[in-house]
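Chemist: First the structure, which I've put down as structure tokens, then a few questions once you've had a look.
Now the structure itself:
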């Protein structure tokens, strides 16, 4: 017996079934988390650089913050990709991204010019990531992404 979810009852069939498979879902969630995985691995393999980055942003004690960020980014990314408490992982990454964005990209304090334009653009790109993680969390709460990949 097949159970039809609420989402399937209200959503017409899509023409691109390739986007509905569990492999595609894992790839898309992996792509969404890729910046956090890359950032964590970069910090892990250049821990002195990670400490300098934390110091630059006034996050002290820098070694503790660097280690915490590395662990946080890897664990929450794994949660989102694997489906293990996906909603919690997505909400945590959304909050982290929002906080980090306003710590690192204070474009309103910069003089007009290319650096300010770049920081402004980066801020809005990060807001897009926050929105994507909120969508993942919302879809997981409704049961759309809660099934673990095959």
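Residue numbers (this note's numbering): -4 to 145.
For every residue, glycine included, the Cβ atom is placed at its ideal position computed from N, Cα and C.
In this text, all values refer to a predicted model and were calculated from it rather than measured experimentally.
Let me know the secondary structure DSSP gives residue 42 once reduced to three states.
Modeler: The sequence position of residue 42 within the chain shown is 47, counting from 1. Residue 42 falls in the helix class under three-state DSSP.
Chemist: Does the distance from the CB of residue 21 to the CB of residue 82 come in under 9 Å?
Modeler: Working through the chain shown from its first residue, we reach residue 21 at position 26. Working through the chain shown from its first residue, we reach residue 82 at position 87. Not in contact: residue 21 and residue 82 (Cβ atoms no closer than 9 Å).
Chemist: Quick one, are the C-beta atoms of residue 118 and residue 97 less than 9 Å apart?
Modeler: Walking along the chain shown from the start, residue 118 turns up at place 123. Walking along the chain shown from the start, residue 97 turns up at place 102. Yes, the pair counts as a contact, with Cβ atoms nearer than the cut-off.
Chemist: Applying the criterion that 16 or more other CB atoms from any shown protein chain within 10 Å of the CB defines a buried residue, is residue 84 buried or exposed?
Modeler: As a working note, residue 84 is residue 89 in the chain shown. Classification of residue 84: buried, given that the 10 Å Cβ count is 16 or more.
Chemist: If contacts are defined as beta-carbon pairs under 8 Å, then residue 70 and residue 88 qualify, I think. What distance do you get, rounded to the angstrom?
Modeler: What you label residue 70 is simply residue 75 of the chain shown in a count that begins at 1. What you label residue 88 is simply residue 93 of the chain shown in a count that begins at 1. Not really, about 10 Å apart at Cβ, beyond 8 Å.
Chemist: Helix, strand or coil for residue 56 per DSSP?
Modeler: The residue given as residue 56 occupies position 61 in the chain shown. Coil, per DSSP.
Chemist: Work out the CA separation of residue 112 and residue 148 for me, nearest whole Å.
Modeler: Here the chain has residues from -4 to 145 only, and residue 148 is not among them.
Chemist: Can you tell me whether residue 17 is buried or exposed? The criterion is at least 16 other CB atoms within 10 Å of its CB, across all chains shown.
Modeler: To locate residue 17, count along the chain shown from 1; it is residue 22. When all chains shown are included, residue 17 counts as exposed.
Chemist: Between residue 57 and residue 44, what straight-line distance do the alpha-carbon atoms span, to the nearest angstrom?
Modeler: For this step, residue 57 is matched to residue 62 along the chain shown. For this step, residue 44 is matched to residue 49 along the chain shown. Spanning the two alpha carbons is a distance of roughly 11 Å.
Chemist: Excluding five sequence neighbours on each side, which residues of the same chain lie with their C-beta closer than 6 Å to the C-beta of residue 86?
Modeler: Residue mapping note: residue 86 aligns to position 91 of the chain shown, counting from 1. Result list for residue 86: 132, in chain order.
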